[in-house]
Every structure is written in structure tokens, then in C-alpha cells.
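Asker:
Number of protein chains: 2
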Amino acid sequence: MAKSYNVAVTGATGIVGKELLQILQTRHFPLRSLKLLASPRSAGKRIPFGEQEIEVELLSHDAFEGCDIVFNAVPDEISREYSPSAVKAGAIVIDKTNAWRMEPDVPLVIPEVNGDDIAGHKGIIATPNCATTPVVMALWPVHRLNPVKRFVAATYQSVSGTGGAAVDELEANTRAIQAGGRGTHSAYPHEIAFNLIPEIGSWKDEDYSSEEVKLVNESRKIMHAPELAISATCVRVPTFVSHAAAVWAEFSNPITPDEVRDILSRAPGVVVQDDPRAHVYPRPLEAAGTDPVYVGRIRRDTSHPNGIALWTVGDNLRKGAALNALQIAEELIARHLI
Amino acid sequence: MAKSYNVAVTGATGIVGKELLQILQTRHFPLRSLKLLASPRSAGKRIPFGEQEIEVELLSHDAFEGCDIVFNAVPDEISREYSPSAVKAGAIVIDKTNAWRMEPDVPLVIPEVNGDDIAGHKGIIATPNCATTPVVMALWPVHRLNPVKRFVAATYQSVSGTGGAAVDELEANTRAIQAGGRGTHSAYPHEIAFNLIPEIGSWKDEDYSSEEVKLVNESRKIMHAPELAISATCVRVPTFVSHAAAVWAEFSNPITPDEVRDILSRAPGVVVQDDPRAHVYPRPLEAAGTDPVYVGRIRRDTSHPNGIALWTVGDNLRKGAALNALQIAEELIARHLI
Chain H
1298 MAKSYNVAVT GATGIVGKEL LQILQTRHFP LRSLKLLASP RSAGKRIPFG EQEIEVELLS
1358 HDAFEGCDIV FNAVPDEISR EYSPSAVKAG AIVIDKTNAW RMEPDVPLVI PEVNGDDIAG
1418 HKGIIATPNC ATTPVVMALW PVHRLNPVKR FVAATYQSVS GTGGAAVDEL EANTRAIQAG
1478 GRGTHSAYPH EIAFNLIPEI GSWKDEDYSS EEVKLVNESR KIMHAPELAI SATCVRVPTF
1538 VSHAAAVWAE FSNPITPDEV RDILSRAPGV VVQDDPRAHV YPRPLEAAGT DPVYVGRIRR
1598 DTSHPNGIAL WTVGDNLRKG AALNALQIAE ELIARHLI
Chain C
1298 MAKSYNVAVT GATGIVGKEL LQILQTRHFP LRSLKLLASP RSAGKRIPFG EQEIEVELLS
1358 HDAFEGCDIV FNAVPDEISR EYSPSAVKAG AIVIDKTNAW RMEPDVPLVI PEVNGDDIAG
1418 HKGIIATPNC ATTPVVMALW PVHRLNPVKR FVAATYQSVS GTGGAAVDEL EANTRAIQAG
1478 GRGTHSAYPH EIAFNLIPEI GSWKDEDYSS EEVKLVNESR KIMHAPELAI SATCVRVPTF
1538 VSHAAAVWAE FSNPITPDEV RDILSRAPGV VVQDDPRAHV YPRPLEAAGT DPVYVGRIRR
1598 DTSHPNGIAL WTVGDNLRKG AALNALQIAE ELIARHLI
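Rendered as C-alpha cells:
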């Protein structure tokens, strides 16, 4: 009989937690048991899971007893506090937060890119930030053959990346403006409806946002390219789901758009949508709810001899978060590491 | 007594034409007479202008008799057909279309950048595409002191750049999606509400869109930098007014963000909004209806020794179109060229 696993999900009532519960079912993850853990505010709630309902239990330091895998979909500071307890209890933690990603002994993994790194885990495996994943997925297959030396990325990020309250805020702001007024805002420093906010996260060195710093540092770590030159501008846009990015990448050697299309069309987890004359290119509204990272608008960077410009879109809740976390668990199983 | 001018506006019932009529009033342009010209569909309509109403006349080859200045806010092909007749009638044509911009004997002018080029006109003066203007306004003041060698720009362009029908389509699409359905679309190849469309204009060589090609060629012409290396990705976003761009520019020599801020803070027509920790940076919703080009998020491009990253926003109907056209007329007057 195939092995099955005792799984816990923290933050199960959040926007990524809900997505994870759905994907656990649709991908038929071999569950022996499923425990949902959350803050006192959510503990006691009953969450549908397939035919059953599961009561949310209180997240505590001894809630991980008997767990094989813990998926963390909680804020950074909660992960920082509770993950060590989960590891101590013998579980492998798959963490979607920013708490552990840059720790040297924590693998930061996109299975299609650096699945091999999983083997080096010490109990915690991190999944990248939702803006990093589509960019790395689009560049890695080419980078393996012709190393990227530098890239810049301008992102177009949906409100679901912030969480459920931000989704409600875009809804409410939109209605307010359509009614001829202006909305209130608390999830964002300004109204997001029919607007653009070039501020994601907190402010770090040299006036880069934390989201921009994540994109730089995580890409380098995942691609094993500590010297890779990167700059990003991360912008919140009024879309609900899926993050997009316009990317300019400079490779070590000349490469044609056709070669890039050919490489990406054979890359796992990537779908090339690149027939602009037929209006085919990745779009957030159509990518939402699907698994792949889409890449299109692949063309020569007319400003650099070895440059390629492209446009990539991926569902930030799926491949950008919950799906990637689950794929890490599947990879652990496939590699007999659990 | 100050001189005054016989002015005609073609396309007066369109979105840019309306903006122009408003700016003619608010800037107290020295009008002797104002003639509004449009297609048979709009001819006969009465348009309010200050205290009066002006009846729209039919655009024809002999409608320009006695005109000193003709502002064209019509589609490219209409400008191509009628502008020579206006010039023949002795008028100076200030043209917001793409019909003449790249003609060698047509100055393409942003007054704050290359106002001197106006003197070389042969009857037609072109105003740049609305996506080009904010990028050039942000780079030119620095370029004069430390030439830009290369830049890439990812744009975030509002639907009003397409015209009135697109504004209605974003409105209608938004309502349809908020009602739980999907909208129809004809102004765009896909739904624009809560979505992103990386297609603006038609497709040109090497899979660049016409909008992207304009940004490249027009920037080079306006900045007198035919060798400048440029690549752009132009994206339509669900905002109503104002175009934004994330720009990475490589200068000939190292330059600090503080130096750039200092230069731009003294540049005419540019307003620096750059205090990210106080949530101050340019935003489309707040820039709409105002004249300046706003620049913020000015920081070191961490991927290039001489690089600067920045974020710029400008009202595409004003500085991106109508205001710039009117400023060209004001420049003609100030330079005694009319």
C-alpha cells in the first residue's frame, strides 16, 4: 500500500491556506490525516474539505505531535515562532513565508528549478515569494544553457498577493469610484481601484521595497547564481489574481527569440503563449485558477546584443504559493525523503 | 494689443479634443476665433466652450481658410489626408497623431525638451505619443548632463489612451465582472477590467508593438540621440487616465539618486514625488487632471554601475497629448514664429 502522511496546515482560513486545501484534494495528496491550525480568532471554525468538515484547532507549540508535514500559510512572525516546534516534533515544515527563505540551511525551492536542493533540508523548506516564482520559471530553463548575467523586472501584482482583506478592498474601492465617489483604504496606503501603487512590503536599503529585495535575493538563491545582477520595480495593480512581470534578461551569449521559445516550450511547468498577431500572450484574468507559469512576448531586446525581453504571468496563489508548496511535498515523496 | 489667432481643432468631439478645448480656456490662449471640425457623424453638434456654444463644422479640404493654427486630434489617416490642405491654406498644424512624427522635416516636440526644434518646421509640428512623453521628460534633464546610453521601460497605460469607447468598455467590463459575469469587448482584444493586455497598437518588426516602436523612435528623435539603445514593453492596465512607466536607464558616467532628484526637482514640467517611506510616489489616480510629469522611486539600479531606476506618471490626455500640443502653440508665439 502506498504510504500516506499526517499533514497539518497553519493559516488554513487565509487566502493561501484555502487554496492549499483545494489543491490537496485536486492533486489527491496521500493524506492519512489533516489537521488545520489557526489563531484563536479562527480556532473552532469548521472548514469543508471534500465530503467532510474539519474543525480548526488552535495553533500551539505542541499542536504538531505526530505530524509528518506542516504547510505554513501564516504571517512571517507566526512561522518564526512555531516552525521550530514543528521541526522538534519530527515534522518537515514547508513554509510559504519570508521567515526562513534566506537562511543558509533552509532550501528555497521551485521543484522544476532546484528540486535537488530539497535533500539538504534540516526540517524547514521554504517556497519563494509569489513575485519571484514566475520570473525564475521563465529564466531558468534558458539560464541552464546560456547563463543570465543580468536582468531587470517590472512587476504587475494582483491584490490577492496581499490577502483576503485586500481583495475586499479592491472590490469596495471599485464600487465607490463607479458610484462617483472615492473609496476608503486600509490594506493599502492609497486606493488601489483604477490606480497603481509602486509600494509592496516595507522599505529597505537604497529605497528598494522588501518585495523588490526578495525578488533579487530569492532569484539568486534558487538559481545558484549569487553574482547575478538584478533590479526590480514591484507595483500593485488592480487585478484580483495572478502576478505579471515584464523582464529584460542579458545572457552570456547571443540567443534568438525562437531558441528561447523552443527551450521554454519543453520546460516543465511553463506554457508558452506567444502569438501576438493572434492576440495570444499571457493575461492575469485568464491565468487565474490555473497551474502553469505562462510566458509570451518573447523577443529580442533591441537595446542589448545578448538580450531577450519577455512577459510572464502566473497565478500567485497557486504556483506562486500553495501549488509550489504542495509540489515540494510531492518531491519529498518522489525522492523518498519522507 | 496682444496678437490673437484663428484656431481650428479637428476631432474636437474626441477624448483629446475635449481636453484641448478645456485647456485652451484654462490657459487663456489668445483666440481670435475657434473653429471645430469633425467627421460627418459629429458635424452639426453644438459644443460648449466657455459661455458660448460652437457648432461643429464638417472637416473638409477647404475648411482651413484663414486659420493660423490647426490642432489635430483625429486618427492618423485623417491627419495624413487633411494636414497638407491646412498647411497649403497657410496654417501651422500641431498634430497629435502618429502620421508625421518620424518625417525628417517635421519637428517632434516636447517644449521643455527640444523647443528649439520648432523653428525648423515646414508647416507641421508633431506632438509625441502619450507613452513617450513622461519617459523623455524624466530622462532628458539628466541626459543633458550625463548622456543616457541605454534604457528599458515597462509601461502601465490607461484606457483613455485608446479613446472614449475604451473608457466606456473598462466601465462596462468592471460592472459585468462585479456582477459575477464576464464582459464583452470591442475596443480591446480581451477584457481589460481586472486584467492586463500587453498589446498596444499593431504588430511591427521583431514582435514589438507599434506603441513600443513609437517609444523607441520618438525618444531618439526628441532627445537628438539616434544611437540611444532602447527597449520597451507597453501594457494596457485597468486605469482610466494617466500613463506610468518603470524605467531603468544607464548613463555615461556614474550618478547618484540624490543627484537625479536634484536635477529633476529643477526641471520645468517635472515634479519629483519621492518619499516612499511616507508613501509618496507618483500614482495615476492622483496625477489625472494635472499638468506635470511626476517622477519618483528614484534609486540606484543595483544591477548596473551607472544605472538609475525610476517610476514616472503623467496624465496622458494632458501632457501626453492636449497640453503638450497647446504648449507648442504657446512656444510658437513666445518665439515670434507665428
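Read top to bottom, the protein sequences are chains H and C.
The numbering used here applies: residue 1298 is where the first sequence begins, and numbers increase by one.
The numbering used here applies: residue 1298 is where the second sequence begins, and numbers increase by one.
Cβ atoms here follow ideal geometry from the backbone N, Cα and C, with glycine treated the same way.
Can you tell me which residues form a DSSP beta bridge with H/TYR1453?
Answerer: For H/TYR1453, which the question treats as bridged, DSSP gives the partners H/ALA1541.
Asker: Where does C/ASN1395 fall in DSSP's three states?
Answerer: C/ASN1395 falls in the coil class under three-state DSSP.
Asker: Using a Cβ-Cβ cutoff of less than 6 Å, which residues in the same chain neighbour C/ALA1585 once the five nearest sequence positions on both sides are dropped?
Answerer: Around C/ALA1585: VAL1538, SER1539, ASP1612.
Asker: C/GLU1468 to C/THR1459, Cα distance in whole Å?
Answerer: Cα-Cα distance, rounded: 14 Å.
Asker: Strictly under 8 Å for the Cβ-Cβ distance: is H/GLN1454 near chain C by that measure?
Answerer: Judged by the 8 Å Cβ criterion, H/GLN1454 is not in contact with chain C.
Asker: Can you pull the chain C residues whose beta carbon is under 9 Å from the beta carbon of H/SER1549, in chain order?
Answerer: The contacting residues do not exist; H/SER1549 stays about 15 Å from chain C at best.
Asker: Per DSSP, what kind of secondary structure is H/ARG1517 in: helix, strand or coil?
Answerer: Of the three classes helix, strand and coil, the one that applies to H/ARG1517 here is helix, per DSSP.
Asker: Using the three-state DSSP reduction, which class does C/ARG1506 fall into: helix, strand or coil?
Answerer: The residue you asked about is not Arg; residue 1506 of chain C is Ser in the sequence shown. C/SER1506 falls in the strand class under three-state DSSP.
Asker: Which same chain residues, not among the five before or five after H/GLU1515, have their C-beta less than 8 Å away from its C-beta?
Answerer: Same-chain partners within the cutoff: ARG1398, MET1399, LEU1405, PRO1425, ASN1426, THR1429, VAL1433.
Asker: Based on Cα-Cα distance, which residue from C/ALA1526, C/LEU1355, C/SER1457, C/VAL1384 lies nearest to C/LEU1582?
Answerer: It is C/SER1457 whose Cα lies nearest to the Cα of C/LEU1582.
Asker: From the beta carbon of C/THR1459, is the nearest beta carbon of chain H less than 8 Å away?
Answerer: Chain H, which has no Cβ nearer than 8 Å to the Cβ of C/THR1459, makes this no.
Asker: Do the CB positions of C/TRP1500 and H/VAL1449 come within less than 8 Å of each other?
Answerer: Cβ atoms of C/TRP1500 and H/VAL1449: not closer than 8 Å.
Asker: Quick one: grab the DSSP three-state call for H/PRO1602.
Answerer: Of the three classes helix, strand and coil, the one that applies to H/PRO1602 here is coil, per DSSP.
Asker: According to the neighbour-count rule (16 or more other Cβ atoms, all chains shown, within 10 Å of its Cβ), is H/ASP1598 buried or exposed?
Answerer: It is buried - the Cβ of H/ASP1598 has at least 16 other Cβ atoms within 10 Å.
Asker: Under three-state DSSP, which class holds H/VAL1534?
Answerer: In the structure shown, H/VAL1534 sits in coil (DSSP, three-state: anything other than H, G, I, E or B).
Asker: Pull up the distance between the alpha-carbon of H/VAL1410 and that of H/ASP1588, whole angstroms please.
Answerer: If you take the alpha carbons of H/VAL1410 and H/ASP1588, they lie about 16 Å apart.
Asker: Given this structure, state the Cα-to-Cα distance separating H/ILE1519 from H/ILE1407, to the nearest angstrom.
Answerer: If I take the Cα positions, the gap works out to 7 Å.
Asker: Under the rule that 16 or more other beta-carbon atoms within 10 Å means buried, what is H/ASN1369, buried or exposed?
Answerer: Answer is buried; the Cβ neighbour count reaches 16.
Asker: Report the option in H/ILE1635, H/GLU1628, H/HIS1633 whose CA atom is closest to the CA atom of H/GLY1412.
Answerer: Selected option, being the one with the closest Cα: H/GLU1628.
Asker: Which of the residues in the stretch 1491-1515 of chain H, read from start to end, lie with their CB under 8 Å from any CB of chain C?
Answerer: So the close ones are PHE1491, ASN1492, LEU1493, ILE1494, PRO1495, GLU1496, TRP1500, GLU1503, ASP1504, TYR1505, SER1506, VAL1513.
Asker: Inspect the CB distances between the stretch 1556-1571 of chain C and the stretch 1481-1493 of chain C and report whether three or more fall short of 8 Å.
Answerer: Contact between the stretch 1556-1571 of chain C and the stretch 1481-1493 of chain C is absent, because fewer than three Cβ pairs lie under 8 Å.
Asker: Between the alpha carbons of H/ARG1329 and H/GLU1348, how many angstroms are there, rounded?
Answerer: Their backbone Cα atoms lie some 15 Å apart in a straight line.
Asker: Less than 8 Å separating the beta-carbons of H/GLU1508 and H/ILE1497?
Answerer: Going by C-beta atoms, H/GLU1508 is nearer than 8 Å to H/ILE1497.
Asker: Is H/ASP1402 buried or exposed, if buried means 16 or more other CB atoms sit within 10 Å of its CB?
Answerer: Burial call: exposed.
Asker: For H/PRO1535, go through chain C and note every residue whose CB falls closer than 7 Å to its CB, in chain order.
Answerer: In chain order: PHE1491, PRO1535.
Asker: Alpha carbons only, please: which of C/ALA1305, C/LEU1317, C/ASN1550 is nearest the one belonging to C/HIS1440?
Answerer: Cα-wise, what sits closest to C/HIS1440 is C/ASN1550.
Asker: Applying a beta-carbon distance threshold of less than 8 Å, which residues of chain H neighbour C/HIS1487?
Answerer: Neighbours of C/HIS1487 on chain H, chain order: HIS1576, ARG1580, LEU1582, GLU1583.
Asker: Would you say the beta carbon of C/SER1380 is closer than 7 Å to some non-hydrogen atom of the ligand HEM?
Answerer: Among the components of this structure there are no ligands whatsoever, and the ligand HEM is therefore not found.
Asker: Smallest Cα separation from H/HIS1576: which of C/SER1506, C/ASP1571, C/PRO1573, C/ALA1622?
Answerer: With distances taken between Cα atoms, H/HIS1576 lies closest to C/SER1506.
Asker: How is C/ASP1572 classed by DSSP in three states: helix, strand or coil?
Answerer: It is a strand residue.
Asker: Under a Cβ-count criterion, where at least 16 other Cβ atoms within 10 Å of its own Cβ denotes burial, should C/SER1357 be classed as buried or exposed?
Answerer: Exposed, because fewer than 16 other Cβ atoms sit within 10 Å of the Cβ of C/SER1357.
Asker: On a CA-only basis, which of C/THR1452, C/PRO1337, C/GLU1362 is nearest C/LYS1511? Give me that one, please.
Answerer: Closest by alpha carbon: C/THR1452.
Asker: List the endpoints of the continuous beta strand (DSSP E) containing C/ASN1369.
Answerer: Counting along the chain, the beta strand (DSSP E) containing C/ASN1369 begins and ends at 1366-1369.
Asker: Where does H/LYS1332 land, buried or exposed, given buried means 16+ other C-beta within 10 angstroms?
Answerer: So H/LYS1332 counts as buried.
Asker: Could you check whether H/VAL1569 and H/GLY1604 sit closer than 8 Å to each other, using their CB atoms as the reference points?
Answerer: No, these two residues do not count as a Cβ contact at 8 Å.
Asker: To the nearest angstrom, how far is the alpha carbon of H/ARG1479 from that of C/PRO1523?
Answerer: One C-alpha to the other measures close to 44 Å.
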